[in-house]
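See structure below.
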Amino acid sequence: MRRAWARVAAGVLLAGLPAGSVLAHAGHDHPPTLATAFSPSPWLLVPLAAWVLLYAVGLRRLWGRAGVGAGVGRAGFASAAVGVLVLLLSTTWPLDAYGEWSLAAHIAQHMLLIAFVPPLLLAGQPLAVAAHALPATLARQLHRTLGAAQARAAASLTAASVTHGVVLCAWHLPAATTAALESDPVHWTMHGTFLASGLWLWAAMWTRIRDPHVGAGAGVVAMVAVMMQMGFLGALMTFSARPLYAIYAERAPQLGLDVMADQQLAGVLMWVPSCVPYLAGAMWLLWHGFARLERRLR
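Quick note: the sequence shown uses numbering that gives the first Met the number 0, first residue 0, plus one each step.
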C-alpha cells in the first residue's frame, strides 16, 4: 500500500512540473522575478519527497513507542525541517534561478548547500529515524550496510576535509562555473558534489561533537582549515580589481546589478557568513574538550 502511494505521489509531482523544468538552467533569455524564480526538478524533488515521507513516518513511530523526544529531540527534528527548507530555497526557489544572473546569488546557493544544509539535516539523525519507517528485516540490513559505511566515512576526517576543499576550489574556477551555467547535467553535478562533500565532512564532525570520548584536536584543525580556504577564495573575489567571471560580467547588468559590486558581495558571503557553521563546530569541540580536561584534572 505504501509503495502504491509513493508511486501516486511521484506521478503527481512529475505531472505538476512545468515542461522543460528538468532543464532548468539552459536557454533563459531574461532575468527572473521573485514570482517566476522557480526551477523545480524531479531529480531533486522526488527523492526529497520520499525521504521526507520516510522521516515523518519513522519519527511518528519512534516517538509513538518511546515518547516524544526519544532518539532525536525536538531541536533535532526542527533542525532537519529547517535543513529541508534551506535546501529548497537554494535549489528550487529563488536562488537557483537568480544564480544564473548574479554571482552573489550563485555563491549564496553554494554556501547553503555545502555549509548549512548538511549540519542541519544530520542534526536530525536522518538514517536512524528513517529506519523506523521500514520493515524490521530491511532496517537491519540497511543498518549493517549503511551504518558501516557511515562509520567509515565519519572516521575519515582528513579525506573528508580534503574532498571538501577540492570540490570548493574546483567548482569556483571560472571555466567550471561557466560550464555549470551552460549545461544542466553539469549544474546538477556541481550541486550534488557540494551537498555530498558537505554531508561527508559534517558527518565526521557530528561524530566528534556527539561522542565525548573523541578528541577535539583533529576536528578543530579541519574546521579552521576550511574557514581559511573559504576566507582566501572570498578575499580573491572581494578584492579583485576586475571581473573574474566573464559570464556574469555579461549577465549581472541585465539584472540591474553592478558587476564589481555583485562580485564583491559574493566574496563577502563566502568569506564571512559561510564560516559561521564551521566556527560554531570548532567552538563546540573546544568547549567539550576543555570540559573533559577539567574533569580529568579534578
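We treat Cβ as the ideally placed atom computed from N, Cα and C, and that holds for glycine.
Output the distance between the C-alpha atoms of residue i and residue j, rounded to the nearest integer angstrom.
i, j, result
"P39", "T91", "5 Å"
"A129", "A49", "10 Å"
"A8", "A55", "For A8, the predicted structure reports a pLDDT of 41, less than 50, and the residue's modelled location is therefore unreliable. The matter cannot be settled from this model."
"V85", "L296", "43 Å"
"P117", "F193", "10 Å"
"P252", "A245", "12 Å"
"A77", "R241", "42 Å"
"A96", "A195", "21 Å"
"A178", "V185", "7 Å"
"R291", "C274", "26 Å"
"L264", "A148", "39 Å"
"D210", "P276", "19 Å"
"T35", "H171", "26 Å"
Mapping the DSSP letters down to three states, classify residue i as helix, strand or coil.
i, result
"F193", "helix"
"W187", "helix"
"E99", "coil"
"S20", "For S20, the predicted structure reports a pLDDT of 39, less than 50, and the residue's modelled location is therefore unreliable. A value from the coordinates is still provided. Of the three classes helix, strand and coil, the one that applies to S20 here is coil, per DSSP."
"G26", "Any reading at G26 must be qualified, since the residue scores a pLDDT of 49, below 50, and its modelled position is unreliable; the value itself is stated next. Reduced to three states, the DSSP call for G26 is coil."
"F299", "Given that the chain is displayed from residue 0 to residue 297, the structure contains no residue 299 and the question cannot be resolved."
"Q124", "coil"
So, residue i versus residue j, is the Cβ gap smaller than 9 Å?
i, j, result
"L111", "L88", "yes"
"A104", "L94", "yes"
"H131", "L58", "yes"
"A202", "A153", "yes"
"G123", "Q108", "no"
"L200", "S160", "yes"
"A127", "V71", "yes"
"L254", "L243", "no"
"W187", "L43", "yes"
Report the CB separation of residue i from residue j in whole angstroms; it is logged as a contact under 8 Å.
i, j, result
"M269", "M229", "5 Å"
"G266", "G233", "4 Å"
"L121", "W205", "5 Å"
"L256", "S101", "6 Å"
"A215", "H287", "6 Å"
"R207", "L119", "Their Cβ separation, rounded to whole angstroms, is 17 Å, which puts R207 and L119 out of contact at 8 Å."
For residue i, decide whether its Cβ has a neighbour in chain D, counting only Cβ atoms nearer than 9 Å.
i, result
"L86", "Among the chains of the structure shown, chain D does not appear; only one protein chain is present."
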